[in-house]
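If you want the numbering used here, it's the 1-based position in the sequence shown plus 143. Shown next, in structure tokens, is the structure this report addresses.
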Amino acid sequence: MAIMRKRSSMMETDGEKDIVTLHEMPGCLVTRRAGSMVFKQGRRVNIDEQPALELAAQYGLPVPRVYDAGESNGETFIQMDFIEGDRLDLVWPKITVEERSSRCRQLREVLTTMRSIPPQSGLIGSCSGGKARDDRQYSHYSGGPYTDEAAFNSSFYFDLVESTPSPIRTALYQQIRSDHRIIFSHGDVAQHNILVKDGRITGLLDWENAGWYPEHWDYIKFFERPCEHRSWKDCAKDIFPEIYDDELAHYQAMVRWQNP
144 MAIMRKRSSM METDGEKDIV TLHEMPGCLV TRRAGSMVFK QGRRVNIDEQ PALELAAQYG
204 LPVPRVYDAG ESNGETFIQM DFIEGDRLDL VWPKITVEER SSRCRQLREV LTTMRSIPPQ
264 SGLIGSCSGG KARDDRQYSH YSGGPYTDEA AFNSSFYFDL VESTPSPIRT ALYQQIRSDH
324 RIIFSHGDVA QHNILVKDGR ITGLLDWENA GWYPEHWDYI KFFERPCEHR SWKDCAKDIF
384 PEIYDDELAH YQAMVRWQNP
């Protein structure tokens, strides 16, 4: 679910200010006010998005500047800049192969920068030292934080439904590695979370699942994120600085039995 997107809007009047609804879903409302300010609020908004955005901004990544964040009346809110641009999934069919390659290279630069940021808390989880989060098939999944990858694997990643046959459970478990680097990860690298304007990526949005995760995390989750353009998934080798074939194959086998 992206934050700031060019799209048809609903206008309301709030005193002297116009309010533009950018996105609305149960538990989350995103509005643009006074032309350049965005408010994301609701019971499903994750306050851990704030430190992730601030860390990304510190390293010059294309993210909105956060002005305020907190909780009020049981809802979380984040106040941030509006970013100009069009969603990449909407413009993808209209641009040339060369232009697509350029957008992929730009995203690769963003991910390369993220992978170079020194770990902070030493935990696997959010940038505030809080829980790990994952958008799975039917739910927002969370747990931890975890002290190392072995704990993350056994309690969060390798979380299989009880009905998983023991031979499958054993075979899958034997393929797990616990020696990956822990890096700054976005958790939802999808076309609808990328804004572009004048040939450049202007925004990478929706950092609510971001944090410190094993180095293959963004790569394996990339293939689980919805996208109507198959060619986008075929561009993975151009987008990611490193490819994780073994981890991807293992995850694709495991996700069938993973708790939703």
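For each residue, glycine too, the CB sits at the ideal point set by N, CA and C.
In the DSSP assignment, K340 falls within the unbroken beta strand (DSSP E) covering 337-340.
Under the DSSP assignment, F182 falls outside any alpha helix (DSSP H), being part of the beta strand (DSSP E) whose first and last residues are 180-185. About 12 angstroms separates the beta carbon of I226 from that of V209, a gap too long to meet the 8 angstroms contact definition.
Between I190 and P369, the alpha-carbon positions lie close to 24 angstroms from each other. P357: member of the beta strand (DSSP E) spanning 354-357, first to last residue.
For the pair R187 and P169, the Cα-to-Cα distance works out to about 8 angstroms. Burial of R230 is indicated by the presence of at least 16 other C-beta atoms within 10 angstroms of its C-beta. Assignment of alpha helix (DSSP H) within the region 200-238, counting only whole runs of 4 or more residues, yields 231-234 in chain order.
In the three-state reduction of the DSSP assignment, C247 falls in the helix class, which pools H, G and I. Within the model, the alpha-carbon separation for L172 versus S309 is close to 43 angstroms. For T307, the CB contacts under 6 angstroms within the same chain, skipping 5 residues up- and downstream, are W400 in chain order. Taken through DSSP and simplified to helix, strand or coil, A293 comes out as helix. Annotated as proximal: A293 and S321, with beta-carbon spacing under 8 angstroms. Boundaries of the beta strand (DSSP E) harbouring R175: 171-176, taken from the DSSP string.
Within the region 261-320, the complete alpha helix (DSSP H) segments of 4 residues or longer fall at 292-295, 309-316, listed in chain order. Using a Cβ-Cβ distance cut-off of 8 angstroms, the region 382-391 and the region 261-269 are not in contact, since fewer than three pairs of beta carbons, one from each stretch, lie closer than that value.
For E167, DSSP records a beta bridge to L172. Using a Cβ distance threshold of 8 angstroms, S271 and P194 count as a contacting pair. Inter-residue distance for V339 and Y356 is about 27 angstroms (C-alpha atoms, whole angstroms). Closest by C-alpha distance to H372, out of A333, Y362, H393, is A333.
Per DSSP, the unbroken beta strand (DSSP E) holding F327 starts and ends at 325-328. R279 is a Cβ neighbour of P403, given a cutoff of 8 angstroms. Within the region 340-397, the beta strand (DSSP E) runs of at least 3 residues that lie entirely inside it are, in chain order, 343-347, 354-357. Straight-line spacing of the CA atoms in G185 and Q395 works out to 33 angstroms.
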